[in-house]
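Numbering (the numbering used here), first residue to last: 832 to 1294.
This report concerns only the one structure given below.
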DNA sequence: TTTTGAGTTGTTCGA
DNA sequence: GTCGAACAACTCAAA
């Protein structure tokens, strides 16, 4: 019996257009698929973590799809760096194939797995799949990584051609999947987690539906994307995070489609590549400011204010509505992520890492590179050529991007009766609805923006 | 080497 | 209400 090739699924939970899987199937030997619920990752999650439901659903869907082709998915639970070499040995595999992951912890794990496999004479092959351009593929003329987005984007677009957007048609070689039966998968409960009961669906079918829903809206993307009450964005971030949809498929669509909406959206996909390569080149950003001059900032870190921010009771309606969206749904609109991040750092003077960690805990689409990049951008400690005194005014932002207060009313029903004029800043209202009392029915603002702004300016200027 | 142009998403102030 | 300047000065990237 020929030694099988093992394909190891990680953050690429789909069969269609999966680079590593395609190469495994094309290699000529029979392919057996594995997924590991890695306890080294799971142990860091709260039992209430809602992402596990999504991942579990996606893995379940993947297994069903493989079974439809007469094959199967081995779903293991334990330390991946022990399980993968052990399975390789048990199944007499000579090659393990997976898609590359650029996070520091994943790089360390893969290096360790590769080392152990090498001792057994087994090869670990990693393919580029989760980005269009990885690591050193887009460098400046002096062969240094870009640290400013716009020149990176220009170089990225210049390098782009149909070759990089080609899909990997796994289905053409699907007969190379080994026909076998894997043991039962652990249930979500057995893994130590509970169902999330969110309307969000895992699996590549759900991703395809969301994508189809977005396609006709892409031409309006540029105009509508900043309004959280509007269905203006794709909502695909969570599927990109877990690879239930292919980045090439999305980029290909945007590129072919053209027009200001699609171009703007493609720009967002380029941001994703930008932060991935940034993390790969500068892994220290995980816990340190990208900009050296802001490494020693001393934040006030008022814990009561932090709790108010987390729970959505700062007294600033747009901030509170956004935080409640996050807490309830595991999602927050991009415009709101900027507003609440700016508010945490520049109004509450709290360390961006605290906010970053809270997002990491709550966001279904949490991705280390993008989350860190976004927070450092908002905190002015990261890759942004703009100066620290760009401080969002939560009231102005609210009036601009939720003009009729529709989003606020959705998440803060206690403010539903306030007028369009008053809903953005209830403390400034000349009169409030009968029976409504500020400080009882909704908090008075915990800080004054104008004052806090001055403190923030002073904090950053001091460096 | 030096120069030049530019930098995601902004706010405030005063005329 | 609208507009331009100031917020400060630096670094990046390319010519």
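Backbone N, C-alpha and C fix where the C-beta goes; we use that ideal spot for every residue, glycine too.
Separation of residue j from residue i, as counted between CA atoms
i            : j            : result
residue 889  : residue 1047 : 26 angstroms
residue 868  : residue 1274 : 42 angstroms
residue 952  : residue 921  : 14 angstroms
residue 957  : residue 1228 : 44 angstroms
residue 986  : residue 1271 : 54 angstroms
residue 891  : residue 1034 : 8 angstroms
residue 1184 : residue 1206 : 8 angstroms
residue 1132 : residue 1179 : 8 angstroms
residue 978  : residue 1128 : 21 angstroms
residue 874  : residue 887  : 16 angstroms
residue 1260 : residue 1155 : 23 angstroms
residue 1024 : residue 1018 : 9 angstroms
Neighbourhood of residue i by C-beta, 8 angstroms cutoff - its chain only, sequence neighbours within 5 removed
i           : result
residue 912 : 871, 940, 943, 944 and 947
residue 935 : 1110, 1114 and 1117
residue 836 : 855, 858, 860, 861, 862, 863, 924, 925, 926, 927 and 928
residue 877 : 1192
Contact set for residue i: own chain, Cβ-Cβ below 6 angstroms, skip 5 residues either direction
i            : result
residue 1190 : 1202
residue 1027 : 881 and 884
residue 1050 : 1090 and 1092
residue 1196 : 1068, 1069 and 1072
residue 1208 : 1215
Cβ-Cβ distance between residue i and residue j below 9 angstroms
i            : j            : result
residue 918  : residue 905  : yes
residue 849  : residue 930  : yes
residue 1212 : residue 1120 : yes
residue 1130 : residue 1170 : no
residue 838  : residue 859  : no
residue 1166 : residue 1232 : yes
residue 1076 : residue 1039 : yes
residue 1062 : residue 1091 : no
residue 1238 : residue 1045 : no
residue 1289 : residue 1177 : no
residue 1249 : residue 1266 : no
residue 1151 : residue 1263 : no
residue 1074 : residue 843  : yes
Option nearest residue i by Cα separation, candidates the options
i            : options                   : result
residue 1029 : 1194, 1289, 1151 and 1199 : 1194
residue 1013 : 848, 895, 858 and 875     : 895
residue 971  : 955, 989 and 1248         : 989
residue 993  : 1079, 1127, 1052 and 1268 : 1079
residue 901  : 1082, 1010 and 959        : 1010
residue 1069 : 1044, 967, 937 and 1037   : 1037
residue 1125 : 1000, 1015 and 1215       : 1215
residue 961  : 933, 969, 982 and 984     : 933
residue 1172 : 1200, 1161, 1240 and 1204 : 1204
residue 1144 : 876, 1055, 1245 and 938   : 1245
Nearest-angstrom beta carbon gap, residue j and residue i [assumed within contact, 8 angstroms]
i            : j            : result
residue 1277 : residue 1136 : 6 angstroms
residue 1086 : residue 996  : 6 angstroms
residue 1225 : residue 1164 : Wrong, their Cβ atoms sit about 15 angstroms apart, outside the cutoff.
residue 965  : residue 1108 : 7 angstroms
Close-in-space but distant-in-sequence residues of the same chain around residue i (CB under 7 angstroms, 5 per side omitted)
i            : result
residue 984  : 1098 and 1101
residue 1141 : 1154 and 1189
residue 841  : 929, 930 and 932
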